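Residue numbers (UniProt numbering): 1 to 197.
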């Protein structure tokens with residue numbers, strides 16, 4: 001049976017919704033637990049998702065991970081999974097398309113938009129500070145498919161919010177407008193329960 005009771009009456013709906021997986025991921029205390037949740041053995045994801053994660057209480061250098069999770073297809077009983085780990089000094093940029101998983105994609109405008117945003121990112125300087133990150137996330141240099149999307153009423157895809165996690169200061173800044181020209185609407189402290197040993 002799928003976690004969170006998602007099992008339905010027919011075979012077609014026995015696959016885990018990505019919303020349940022990402023919610024379950026909040027309970028992961030380490031990288032191994034996160035991988036287990038994302039693989040979701042016995043069921044697998046029903047949709048693709050890209051997840052960026054880090055563990056603030058890990059020992060040693062802080063590492064950041066990007067997990068590409070693909071749906072369980074073709075009789076598979078777990079999600080397709082590919083994780084890229086960025087070491088200190090490296091960065092990750094990922095927009096709504098597979099960069100590493102060899103799985104079929106829907107194509108169309110979402111892929112075109114992703115290609116444009118990746119091209120924009122590759123033309124920008126590497127981020128080394130919070131200001132650099134804000135400049136990337138707020139970039140609107142591509143007039144058709146910008147990184148920060150708010151191109152008028154005819155653009156049916158818009159950026160709803162931008163969140164910036166400060167892992168050193170342990171805060172989460174949330175912006176509802178372009179972070180290049182606006183302050184966050186709220187800055188939340190990142191408070192965690194003590195690890196259970």
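Beta carbons: idealized from backbone N, C-alpha and C, even for Gly. Remember, predicted model here, so these are calculated numbers, not experimental data.
Selected residue, minimal CA-CA separation from residue 50, among 35, 135, 154, 148
35
For the pair the region 96 to 115 and the region 124 to 140, tell me if three or more CB-CB distances fall below 8 Å.
no
Could you give the C-beta distance for residue 145 and residue 113, rounded to a whole number, given that I count them as a contact under 8 Å?
4 Å
How about residue 78 and residue 43: are their beta carbons less than 9 Å apart?
yes
Runs of beta strand (DSSP E) lying entirely within the region 77 to 145, each at least 3 residues, in chain order:
80 to 86
Report the rounded CA-to-CA distance for residue 63 versus residue 169, giving the unit in angstroms.
16 Å
Would residue 11 be called buried (16 or more neighbouring beta carbons within 10 Å of its own) or exposed?
Here residue 11 scores only 37 on pLDDT, less than 50, and its place in the model should not be relied on; the value that follows carries that caveat. That one is exposed.
Whole angstroms are fine: how far does the CA of residue 33 sit from the CA of residue 2?
Residue confidence for residue 2 is low, a pLDDT of 34 falling below 50, so the modelled location carries little weight; the figure read from the coordinates is stated next. Between residue 2 and residue 33, the C-alpha separation is close to 17 Å.
Residue 92, buried or exposed, once every other Cβ within 10 Å from all chains shown has been counted against 16
exposed
Starting from residue 37, trace the alpha helix (DSSP H) both ways and give me its first and last residue.
31 to 39
Between residue 72 and residue 45, which are expected to be in contact by the criterion C-beta below 8 Å, what is the C-beta distance as a whole number of angstroms?
6 Å
Once DSSP output is grouped into helix, strand and coil, what is the label at residue 192?
coil
Just the Cα atoms here: how many angstroms apart are residue 166 and residue 130?
8 Å
With DSSP as the reference, identify every bridge partner of residue 159, one or two as the case may be.
Residue 159 pairs with nothing; no bridge assigned.
Between residue 40 and residue 21, how many whole angstroms is the CB-CB distance? I'm expecting something under 8 Å.
6 Å
Cutoff 8 Å; reference residue 132; Cβ partners in own chain excluding five residues on either side:
125, 126
Have a look at the DSSP bridge pairing and note the partners of residue 70.
80
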